[in-house]
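A short write-up of the structure that comes next.
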Amino acid sequence: LRLQSPFERLRPRMNDIIGDGGILKEVVQPGEGPPVPENASVLIHYSGFLEYSDQPFETTTHLKYPQMMKLGRDVTLAGLELGLLTMKKGEFSRFLLQPQYAYGEMGCPPFIPTAAVVLYEVQILDYLDSGQVDDFITMSLEQQNTVPMSTLLEVVNTLRSFGNRFFNQNRYYNAKDRYKQAMTLLGNRGTQSDLEKERIKTALLPLYLNISLAELRLERPHKALKYGNKALEIDSANTKALFRCGQAYLELHEYASAHCCLTSAQAQKPFDSDINNLLRKVTMCYKDSLDKEKDLYSKMFRELKGSVKM
53 LRLQSPFERL RPRMNDIIGD GGILKEVVQP GEGPPVPENA SVLIHYSGFL
103 EYSDQPFETT THLKYPQMMK LGRDVTLAGL ELGLLTMKKG EFSRFLLQPQ
153 YAYGEMGCPP FIPTAAVVLY EVQILDYLDS GQVDDFITMS LEQQNTVPMS
203 TLLEVVNTLR SFGNRFFNQN RYYNAKDRYK QAMTLLGNRG TQSDLEKERI
253 KTALLPLYLN ISLAELRLER PHKALKYGNK ALEIDSANTK ALFRCGQAYL
303 ELHEYASAHC CLTSAQAQKP FDSDINNLLR KVTMCYKDSL DKEKDLYSKM
353 FRELKGSVKM
């Protein structure tokens with residue numbers, strides 16, 4: 053009696069997702085929400101295995117921040133791309149790919165032998181509908197203005213999510229570029245009703261706050277202050293905006309302005325530890341600054357007094 057191979061033992065647990073037996077799938081951990089849309093950008097962990105091998109021939113599981121991969125461009129295996137389109141956010145699945153959906157009859161020497169069946173373990177960490185963004189950006193301004201407001205806001209939210217992803221990877225320039233791209237699309241919106249104007253302001257507020265924080269991380273407090281103030285123009289009592297401005301003023305050594313912003317923020321959130329800690333720091337810096345100024349004037353006065361005596 054012949055023993056079954058590892059892949060043969062897997063097959064009965066798997067589903068044929070396209071009907072020709074070329075791509076079999078086993079859901080290990082279900083995901084949530086709708087499946088990945090076409091032309092999306094996916095954030096995944098994956099490992100590829102040959103039969104009888106415990107070690108993957110490629111893997112991303114060692115990466116703290118795996119690369120965001122765009123379907124149709126960065127995912128080069130047909131079977132893996134078709135498999136991803138069946139997955140949901142948070143899902144972990146296995147795919148058994150026949151050669152025609154993997155590395156073909158030639159394989160990929162020296163790592164992948166000829167006509168190799170391969171197993172991929174894939175986890176979808178997140179995905180963003182970048183296809184919708186790409187379609188919107190290729191439109192003319194006139195065409196963009198005929199698109200429903202809800203579509204524009206979806207595109208803006210996707211760009212902001214891209215920016216947040218870059219920010220969390222400490223890629224502040226990339227993050228800022230995505231936030232500004234979203235800001236520009238909102239600014240390009242043509243004739244607006246009062247309701248649309250309010251919806252645009254609501255969408256701009258988190259973008260201004262995020263750009264301000266990115267500029268602080270890039271050690272550009274003047275720019276951070278500019279966008280913090282733009283946020284305050286929309287919502288003068290916004291504690292995040294007041295906090296960002298307080299941080300920027302502190303970096304610029306404008307302690308009185310920093311103190312003013314942070315006391316306003318503290319009035320909104322008296323028990324916020326970040327606000328209270330920064331306010332203490334500003335107060336100390338302000339006191340030191342005043343003491344140094346006082347010493348300087350005292351010294352100047354003594355020198356002036358001495359020169360008059362002569």
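Everything in the sequence shown is counted per the numbering used here, starting at 53 for the first residue and increasing by one.
For glycine and all other residues, C-beta sits at the position ideal for the given N, C-alpha and C.
Under the 8 angstroms Cβ criterion, the stretch 255-273 counts as touching the stretch 227-245, having at least three qualifying pairs. With contact defined as three or more Cβ pairs closer than 8 angstroms, the stretch 100-117 and the stretch 72-82 are not in contact.
When the five nearest sequence neighbours on each side are left out, the beta carbons in the same chain lying within less than 7 angstroms of the beta carbon of Glu157 are those of Pro151, Thr166, Ala167, in order along the chain. Around the beta carbon of Leu55, fewer than 16 other beta carbons sit within 10 angstroms, so the residue counts as exposed.
Taking a cut-off of 8 angstroms on C-beta distances, the stretch 201-216 does not touch the stretch 170-177, as fewer than three cross pairs fall below it. When the beta-carbon positions are compared, His97 and Pro64 stay at least 9 angstroms from each other. Restricting attention to Val169, Pro162, Gly215, the CA atom closest to the CA of Ser182 is found in Gly215.
Distance from the Cα of Met336 is smallest, within the candidate group Lys116, Leu302, Gly242, for Leu302. Taking the C-beta atoms as reference points, Leu149 is found nearer than 9 angstroms to Leu132.
Relative to the Cα of Pro273, the nearest Cα in the group Ala255, Leu304, Ser145, Met139 belongs to Leu304. Counting along the chain, Gly74 sits inside no alpha helix (DSSP H), nor does DSSP assign it H or E at all. Nearest Cα to Val94 within the set Met121, Gln184, Arg61, Ala255: Met121. With a cutoff of 9 angstroms on beta-carbon distance, Val334 and Ala317 are scored as not near each other.
Looking from the CA of Cys312, the closest CA among Phe323, Ala289, Ile70 belongs to Ala289. In this structure, the beta-carbon distance from Leu204 to Phe218 does not fall below 9 angstroms. Scanning the stretch 84-165 from its first residue to its last, the whole alpha helix (DSSP H) runs of 4-plus residues come out as 130-136. Under the rule that a run must span 4 or more residues, the alpha helix (DSSP H) segments found entirely inside the stretch 208-254 read 224-239. For Gln299, the number of other beta carbons within 10 angstroms of its own is at least 16, and it is reported as buried.
One Cα belongs to Ala92, the other to Tyr225, and the distance between them is close to 22 angstroms. Following the DSSP letters along the chain, one finds Leu177 in no alpha helix (DSSP H) but inside the beta strand (DSSP E) bounded by residues 170-180.
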